[in-house]
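> Quick one: this structure, given as structure tokens, is what I'll be asking you about.
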Amino acid sequence: WLSEMTATEQFWSAITSIIAPHQYLAGMRSVSSLNLMVKTSHPVVWPSEFSGIKVIVNRETPHHRDPGASPSFYDLLVSLGKGHQAILDLPDLGTELRYTPGTMIYICGKVLEHGVPRWGDGERIVIAHFVKDKVHDRQSIPRPEFPMDREFLIKVGAGKGGKPIRGKKGRKNASKVGNQGVRRW
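Here this note's numbering is used: position 43 in the sequence shown is 127, and no number is missing along the way.
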């Protein structure tokens, strides 16, 4: 199963590298470190920067926070299946999100209480990706910083209102972004 999922996991990892670059780099450093520790004649290639993957099939998920994570780690929740109308409930935000097949949601699972109280008819499959803080602690890998809008804006070359950020001689100037009221995620 893990081998069959490798290309898909790499696609999801590419998305993580854009929205949470510090988490992605810390996760890849952890996976590389663990690979060096494994002594086996049949090595398993772990296809993700997340230290854990859980598959949930046709189950309600009680409201919870992820106790083993760091506040700055995102979980990746991928909703799959067929014909269901699942709802991801986020009581801390007072909202529910449609969680139908094909939906990907990144959530700070230690910070925000979350659960799936119902999904209606159909087959519900969720692949939940998470990072265990103790794995990084044991390897002395620092927790990633919280992702910031500024980092994303710099990557796409846009500032306030989608305008390019330019400094002297047309170079991108990251310092100007910080003065535009950018908020933390």
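The beta carbon of each residue, even a glycine, is placed where N, CA and C say it ideally should be.
No experiment lies behind these values; they were computed from the predicted model shown.
Looking only at DSSP bridge pairs, what is G165 linked to?
Working through the sequence shown from its first residue, we reach residue 165 at position 81. Here G165 is bridged, per DSSP, to R208.
> Would you decide whether R208 is buried or exposed? Buried here means 16 or more other CB atoms lie within 10 Å of its CB.
The residue you call residue 208 lines up with position 124 of the sequence shown. Here R208 is buried, its C-beta having at least 16 other C-beta atoms within 10 Å.
> What does D221 pair with, by DSSP beta-bridge criteria?
What you label residue 221 is simply residue 137 of the sequence shown in a count that begins at 1. DSSP lists no partner for D221.
> Considering only the beta carbon of each residue, do S135 and S97 sit closer than 8 Å?
Indexing the sequence shown from 1 puts residue 135 at position 51. Indexing the sequence shown from 1 puts residue 97 at position 13. Not closer than 8 Å, so no.
> Can you tell me the Cβ-Cβ gap for T184 and H168, rounded? I've got them flagged as a contact below 8 Å.
Position 100 of the sequence shown, counted from the start, is the residue given in the question as residue 184. Position 84 of the sequence shown, counted from the start, is the residue given in the question as residue 168. Indeed, because the Cβ distance is near 7 Å, the residues count as touching under 8 Å.
> Just the C-alpha distance for P228 and C192, rounded to the nearest angstrom, thanks.
As a working mapping, residue 228 is identified with position 144 in the sequence shown. As a working mapping, residue 192 is identified with position 108 in the sequence shown. For P228 and C192, the gap between their C-alpha atoms comes out near 12 Å.
> Taking the straight line between their C-alpha atoms, what separation do you get for V195 and I140?
Indexing the sequence shown from 1 puts residue 195 at position 111. Indexing the sequence shown from 1 puts residue 140 at position 56. Roughly 21 Å between the two C-alpha positions.
> Who are the near neighbours of D176 in its chain, counting only those whose CB is closer than 7 Å to its CB and skipping five residues on each side?
Here residue 176 refers to the residue found at position 92 of the sequence shown. Excluding residues within five positions, the ones whose Cβ falls inside 7 Å are L196, E197.
> Using beta-carbon positions only, say whether Q223 and Y158 come within less than 8 Å of one another.
Here residue 223 is taken as the residue at index 139 of the sequence shown, counted from 1. Here residue 158 is taken as the residue at index 74 of the sequence shown, counted from 1. No, these two residues do not count as a Cβ contact at 8 Å.
> Identify every run of the alpha helix (DSSP H) within the stretch 102-172, keeping only runs that are complete inside it and at least 4 residues long; order them along the chain.
105-121
> Could you check how far apart the C-beta atoms of I103 and P231 are, in whole angstroms? I think they sit under 8 Å.
As a working note, residue 103 is residue 19 in the sequence shown. As a working note, residue 231 is residue 147 in the sequence shown. So it is a contact: roughly 6 Å between Cβ atoms.
> Restricting to Cα atoms, I'd like to know which of L86, K218, K123, T187 is closest to S154.
Within the sequence shown, the letter at position 70 stands for residue 154. Here the closest residue by C-alpha is K218.
> Taking DSSP as the reference, what is the three-state secondary structure of L86?
Translated into the one-based positions of the sequence shown, residue 86 becomes position 2. If DSSP states are grouped into helix, strand and coil, L86 belongs with coil.
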